[in-house]
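Position one of the sequence shown corresponds to residue 112 (this note's numbering), numbered consecutively onward. Glycine is no exception: its CB is placed at the ideal position from the N, C-alpha and C atoms. Some notes on the structure that comes next.
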Amino acid sequence: MGQFYCHNAGIVVKNRDTALRFSQTLKFQIALSLLALVLLFSFFSVHTLQILQEQREQAVLLRLAGELQATAEHMAWQAMNYAHAKPPNAAGYERDLKLYFKDLTDSSERFDALCMAFSNGDFQGYLAMHEPMGPMLGKRTRQAAKALEQFWNGFLQQLKNILGDQNMPQLTQAANFILKQKPELTKRIDHLLQALDEDLKQRTTRTALVVRISFTVALLIAAGILLWFYLRVLRPLDATVEGFHKVANGNFAYRLPIHGNNELALLAATFNQTVERLDTLFQLTTRLQEGSDLDETLAFVSHALPRLLPLDWVGALFVSDDGMIQLEGAYSDGQPERLGLLRFPLDNTLLKQCLESGRPLHIPDVQEVAILNSSYRFLKVLAERQRRDAIFLPVTTQGALPGVLVFATRQANAYRRDHLELLANLTTVITLSFGRTLKLAEHARLAAIGQFVTGIAHEIRTPLATVGMALDYFGEHLQTSGEKKRLELAQHEMERIKRLLEEVLLYARPLKLKLEKVALRPLLRDARDSLLPEAEEKSVKIQLEQKEEIELTADPDRLLQILLNLLKNAIQAAPGGSTVTLAVDLDNQKTPRIQVCNPGEPIPPEQLKRVFEPFYTTRAEGTGLGLAIVRRLAQAHGGGIEVVSNDQQGTCFTLRLPRVPDY
């Protein structure tokens with residue numbers, strides 16, 4: 112995560128979440144579809160139970176109607192039997208009174224109860240049921256039941272009148288009356304059964320129609336839900352999977368179609384945004400890797416990055432050797448902005464804080480922060496150009512000029528957390544890519560300087576040779592010691608200038624190495640033997656330490672030049688009577704390591720970090736290019752050099768060079 116700078120607790124970085132109305136979400140729509148299916152299932156369940164209940168009630172009605180008909184037939188059959196078998200005596204009459212009269216009474220009561228139930232439509236009392244059985248009779252059935260009840264009431268009243276006294280009823284007359292009225296009673300019952308049958312058929316037809324309509328509607332609803340699920344869920348998911356496959360295969364130009372406004376549409380929009388960012392970053396890194404011109408690189412950044420984050424101003428600042436930071440280039444609204452030479456002190460600034468942390472630094476309100484500290488001069492420049500929000504991105508890759516990329520916009524609080532997370536996650540990619548651009552820019556600048564210096568050196572050589580010839584001529588004709596002393600001083604300075612020109616040319620011109628397999632031991636001995644006279648003159652010993660023979664891939668002349676330069680510096684820095692050590696061994700990674708150590712006074716820390724800088728020297732006779740040339744030669748061989756200086760071991764230069772491959 113990047114570091115967020117906030118000078119005021121009231122400043123809040125907003126995090127945008129794309130919000131959907133709840134009714135637009137798939138969770139709501141799927142839940143609604145499931146609820147519709149549940150309701151359909153519930154409706155059919157209830158409707159099925161209702162149909163089963165109706166069928167049960169219809170069966171009960173048919174059974175009761177059959178019982179009504181059977182009771183009437185039973186009464187007629189008993190009456191016929193009694194009429195054809197009259198009792199011959201009083202004992203027989205008593206027997207029939209107990210049997211026939213009781214059966215007639217029971218049948219009449221049962222028929223009366225059934226007839227009343229059909230007439231009222233209330234069978235609860237007759238059936239003695241626990242659950243209510245509502246009136247389900249149709250209009251024609253009720254009319255037929257009323258007609259039957261009216262006839263039955265007259266029939267029953269006449270029967271009672273014929274029977275007379277209950278103790279001595281007229282059974283024969285009653286039986287004859289029943290047989291006489293049987294056709295009419297049967298006719299009335301048949302009308303009731305016919306009306307009931309027609310009503311039940313109509314009800315069955317109506318129920319079947321409702322079932323068919325309900326099933327058709329349910330089928331259409333289910334088909335609609337399945338079609339919706341396919342169009343709104345399955346097909347977008349298939350398209351998303353296909354999009355991921357295409358992007359995984361490197362097709363960053365692919366975009367998903369966005370339909371509707373739900374989670375899948377949001378997923379497609381997020382996918383497209385992510386792919387667009389990947390495409391932009393791919394183009395950006397490719398352009399940065401290919402680019403060598405800082406102005407072209409900034410121009411591309413100013414046009415490409417606005418697709419990833421709010422941006423209308425971009426600039427690059429580099430740190431110089433004098434502790435200042437300089438604005439090298441800037442683009443505003445995609446056009447170059449000419450601000451002239453802008454240099455600022457680096458100390459006590461947010462730019463330095465960004466470089467030291469190595470992470471993005473967010474300034475949410477540039478105009479308010481700029482007035483907090485007088486050292487924030489660069490922020491004042493942004494504030495004068497009406498920029499409100501800015502991000503500093505450090506470029507501190509090894510070997511490149513340390514610098515800061517600045518992204519800014521006129522919108523206040525424009526950079527949200529996702530922008531900061533994006534830059535924090537991409538810091539390494541951007542800094543490495545941009546760092547290469549800075550290296551190329553630095554190399555181009557050094558090449559231009561080298562070409563200029565080489566031209567100047569060649570121009571100086573000719574007049575310098577003329578001056579040298581004149582001094583030699585004067586040396587042959589001067590007589591006094593004072594004149595000769597001044598001439599020797601002039602000749603010494605001439606030699607120093609020649610040596611400086613040679614080293615400048617060596618440092619400036621391109622290096623061409625002649626690599627070959629080189630054994631270190633003979634090369635170390637040559638370097639030691641070459642400088643033995645100078646070492647003996649200062650009473651300094653040179654100790655050579657090498658346990659095993661080591662071979663390198665190197666240019667032997669350039670490698671000897673490195674050893675002579677390091678060994679000569681060590682002899683000059685070593686006190687009389689001391690020993691300079693030239694040691695060779697292998698480090699933990701089996702890399703050849705050459706160390707040149709002297710026990711002289713340690714180099715102060717503020718000087719130690721600058722010993723490899725061109726033209727930096729603490730000796731009056733030095734040119735300041737010796738160690739700079741050593742580092743350049745070491746890097747040209749694919750190696751490096753470092754120095755350690757302290758009171759315990761003195762000053763040690765460690766040179767690492769690649770070993771000869773095993774193949």
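- Every unbroken stretch of the beta strand (DSSP E) spanning 3 or more residues and falling wholly within the segment 635 to 680 is given here in chain order: 652 to 657 and 662 to 665.
- Ranking 744, 763, 289 and 384 by CA distance to the CA of residue 665 puts 744 first.
- The Cβ-Cβ distance between residue 351 and residue 378 falls below 8 Å.
- Judged by DSSP secondary structure, residue 311 falls within the alpha helix (DSSP H) whose first and last residues are 282 to 340.
- The three-state secondary structure of residue 757, taken from DSSP, is strand.
- No residue range can be given for residue 370, since it is assigned to no alpha helix (DSSP H) and is classified by DSSP as neither H nor E.
- Counting only runs of 4+ residues, the alpha helix (DSSP H) found wholly inside the segment 681 to 725 occupies 716 to 719, in chain order.
- The segment 445 to 458 makes no contact with the segment 470 to 480, as fewer than three CB pairs between them are under 8 Å.
- In this structure the segment 338 to 354 touches the segment 363 to 378; the number of beta carbon pairs closer than 8 Å is three or more.
- Contact between the segment 285 to 294 and the segment 311 to 330 is absent, with fewer than three C-beta pairs closer than 8 Å.
- With fewer than 16 other Cβ atoms inside 10 Å of its own Cβ, residue 385 counts as exposed.
- By the Cβ criterion, the segment 263 to 274 is not in contact with the segment 311 to 327, since fewer than three pairs of Cβ atoms, one from each stretch, lie closer than 8 Å.
- For residue 456, the enclosing beta strand (DSSP E) starts and ends at 453 to 456.
- Judged by DSSP secondary structure, residue 468 falls within the alpha helix (DSSP H) whose first and last residues are 461 to 468.
- Every alpha helix (DSSP H) stretch that sits fully inside the segment 468 to 528 and reaches 4 residues is listed by chain position as 477 to 481 and 488 to 495.
- A contact is defined here as three or more CB-CB pairs under 8 Å, and the segment 274 to 282 fails this definition with respect to the segment 154 to 166.
- The closest CA to that of residue 280, considering only 297, 225, 339 and 211, is found on 211.
- One alpha carbon belongs to residue 186, the other to residue 253, and they sit about 24 Å apart.
- According to the DSSP assignment, residue 439 belongs to the beta strand (DSSP E) that extends over 435 to 443.
- The segment 130 to 150 and the segment 175 to 186 do not touch, with fewer than 3 CB-CB distances between them shorter than 8 Å.
- Separation of residue 429 and residue 639 (C-alpha to C-alpha, rounded to the nearest whole angstrom) is 42 Å.
- If you draw a straight line from the Cα of residue 249 to the Cα of residue 298, it is about 19 Å long.
- About 12 Å separates the beta carbon of residue 137 from that of residue 345, a gap too long to meet the 8 Å contact definition.
- Between the alpha carbons of residue 703 and residue 769 lies a distance of about 7 Å.
- Separation of the CB atoms of residue 695 and residue 764 is rounded to 13 Å, and the pair is thereby denied contact status at 8 Å.
- Taken atom to atom, the span from the alpha-carbon of residue 710 to that of residue 635 is near 20 Å.
- Per DSSP, reduced to three states, the secondary structure at residue 448 is coil, with no helix or strand assignment.
- If you check the CB distance, residue 676 and residue 741 come in under 8 Å.
- With respect to the 8 Å criterion, residue 673 and residue 651 are not classified as neighbours on the basis of their beta carbons.
- The Cβ atoms of residue 631 and residue 654 do not sit closer than 8 Å to each other.
- For residue 147, the uninterrupted alpha helix (DSSP H) run begins and ends at 137 to 195, by DSSP.
- The C-alpha of residue 488 lies about 47 Å from the C-alpha of residue 624.
- Looking at the backbone, the Cα of residue 601 and that of residue 728 are separated by about 22 Å.
- In the displayed model, residue 364 falls within coil according to three-state DSSP, outside both helix and strand.
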